[in-house]
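Asks: Have a look at the structure that comes next, please.
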Amino acid sequence: MLGEIVDEYTINIVDVFAMPQSGTGVSVEAIDPAFQTSMLEMLRQVNRTHVVVGWYHSHPGFGCWLSSVDINTQQSFEQLDKRAIAFVIDPIQSVKGKVVMDCFRLIDQQTLVTGQSARQITSNPSFMNKPSMQAIMHNLNRHYYSLLIGTYKSSLDKNMLLSLHKRNWGTTLQP
């Protein structure tokens with residue numbers, strides 16, 4: 001995912017590019033530093049200067065959470081920038097009318113050992129989601145936390161989304 005890290009709690013994602021993957025029906029590995037470097041260089045050549053802010057993948061029909069492979073992938077991104085995010089979408093559950101997606105960062109295991117909070121407590125409104133029941137049951141909330149997601153939609157985006165259930169939704173894209 002490409003964009004900019006605005007502050008500790010705000011990341012603007014403006015574009016994505018797919019990475020080559022190898023995997024099975026259960027697990028996927030998708031880190032290729034040479035491909036990523038090459039892609040970023042090609043983007044610079046066309047004046048796209050955004051930085052890598054994280055990565056995305058889907059869990060079709062499984063909900064949004066990070067597997068042990070996903071946690072390892074996220075660790076590699078956080079080694080480059082501790083503010084990097086892992087974005088997960090479930091396209092199967094999303095067809096039911098609401099986009100099912102979530103965004104995660106890892107909890108520094110050293111903070112857990114010392115008994116400190118995973119995040120600095122401030123007077124700001126909460127920027128983290130509470131862990132899901134699935135996360136609590138499997139102790140996943142001990143490895144990562146969920147971030148709030150906000151989206152931007154232009155008036156054209158809004159018109160298209162409101163018309164998707166119509167047979168002629170494409171006509172809403174015309175000015």
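So for the sequence shown, full-length UniProt numbering puts the first residue at 1; every next one is plus one.
All residues carry an ideal CB built from backbone N, CA and C; glycine is no exception.
#1: Using a Cβ-Cβ cutoff of less than 8 Å, which residues in the same chain neighbour Glu78 once the five nearest sequence positions on both sides are dropped?
#2: In the DSSP assignment, find the unbroken alpha helix (DSSP H) run with Asp157 in it and report its ends.
#3: Quick one: which unbroken beta strand (DSSP E) runs of 3-plus residues sit fully inside the UniProt domain "MPN" (1-110)? Chain order, please.
#4: If you draw a straight line from the alpha carbon of Gln93 to that of Phe87, how long is it in whole angstroms?
#5: Spell out a yes or no on whether the segment 34-52 and the segment 62-73 are touching, meaning 3 or more CB-CB pairs, one atom from each, closer than 8 Å.
Replies: In brief:
#1: Once the five neighbours on either side are set aside, the close Cβ partners of Glu78 are Ala84, Arg105 and Leu106.
#2: Membership of Asp157 in the alpha helix (DSSP H) is indicated by the continuous run Ser155 to Ser163.
#3: 2-7, 10-15, 54-58, 85-90 and 100-106, all fully within the UniProt domain "MPN" (1-110).
#4: Cα to Cα, Gln93 sits roughly 16 Å from Phe87.
#5: With the rule of 3 Cβ pairs closer than 8 Å, the segment 34-52 does not count as touching the segment 62-73.
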